[in-house]
């Protein structure tokens, strides 16, 4: 199970969404999930699910994510349970909340949604709703402070740690090869038969061979909107395979023959090429240090969460195994 914890409390947007949501129903769609008697809200489970999807999307394809949808949803429910356990403990441990801190965050939330009038109108808030939102914000602040308390003794990574990670994870810092290309494309249609498309593009090829300007010919013949014939820089996997193959096999400064894709018939010119390279260590050093520090803090929070879970009374939680 992937746990997402650091960047602790709910953000301001999720505070209002979580407070206004319905209660979360467990996987059997019959009984609510209870953690020491506290019911898990749909808002919280959706926040955890969104964070997991964002995390998983960096590691697997959308097809793989669809295949693992039930497991990802199960992990989100487990993360929500752990967050409630940590929140319950935070309420016990953090007593010295300043009301003005909560109020400041509430006002910031309100401004993000267009000010007092627009905020109230959009969510149709009652006084009771506002009080619930402020309590949700207060819980988020408590959780942040509790996480800070848990992580107070966590050591920051040193330069040797980040250097070792960089050397052993080179693929993570690899910049894929890229090509800069422009194209002229025509789309056959009842009004523009294939014979006319073929004649136009053969004419373009002959004029290119005589040294005429590619951009001028694109403006005259391409079905792209003005200026959109230049595709800029792109890597593998960003274009359809048939277009990519031609783009990455045509030498810089040269143009292709006529070729077909699902989008029409093209002539392509390559304007630049950047080979694959590894980002320099100094460019990524501080990102690595931050990531390693977050991992250490998550481990520390995970130890506490496991201890709390071992003693908790959790009802109606359905877990999907790999």
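In the working numbering, the protein residues as written are -9 to 312.
Virtual Cβ for every residue (Gly too), placed ideally from N, Cα, C.
Assignment of residue 22 by DSSP, reduced to helix, strand and coil, places it in the strand class. In terms of Cβ geometry, residue 176 and residue 219 do not form a close pair [threshold 7 Å]. Between residue 46 and residue 62 the beta-carbon gap is near 6 Å, inside 8 Å, which marks them as a contact. Considering only 73, 131, 197, the residue with the shortest C-alpha distance to residue 94 is 131. Here the alpha carbon of residue 261 sits roughly 23 Å from the alpha carbon of residue 252. Under the 8 Å Cβ criterion, the stretch 126 to 141 counts as touching the stretch 81 to 95, having at least three qualifying pairs. If you draw a straight line from the Cα of residue 40 to the Cα of residue 70, it is about 12 Å long. Counting along the chain, no beta strand (DSSP E) covers residue 229, and no H or E run does either. Collapsing the DSSP output to three states places residue 86 in coil. As for any alpha helix (DSSP H) of minimum length 4 sitting wholly inside the stretch 139 to 171, the runs are 149 to 158, ordered along the chain.
Note on the stretch 214 to 281: whole alpha helix (DSSP H) runs with a minimum of 4 residues are 231 to 239, in chain order.
The Cβ atoms of residue 187 and residue 178 lie closer than 7 Å to each other.
By the CB criterion at 7 Å, residue 65 and residue 42 fall inside the cutoff. Counting other Cβ atoms within 10 Å of its Cβ, residue 52 stays below 16 and is therefore classed as exposed.
Annotation: the continuous alpha helix (DSSP H) that includes residue 184 extends over 184 to 199. In this structure, residue 133 sits away from residue 299, with a CB-CB distance that is not shorter than 7 Å. Exposed is the label assigned to residue 167, since fewer than 16 other Cβ atoms lie within 10 Å of its Cβ. The residue from 233, 165, 160 with its alpha-carbon nearest to that of residue 248 is 233.
Fewer than three pairs of CB atoms, one per stretch, sit closer than 8 Å, so the stretch 112 to 127 makes no contact with the stretch 151 to 169.
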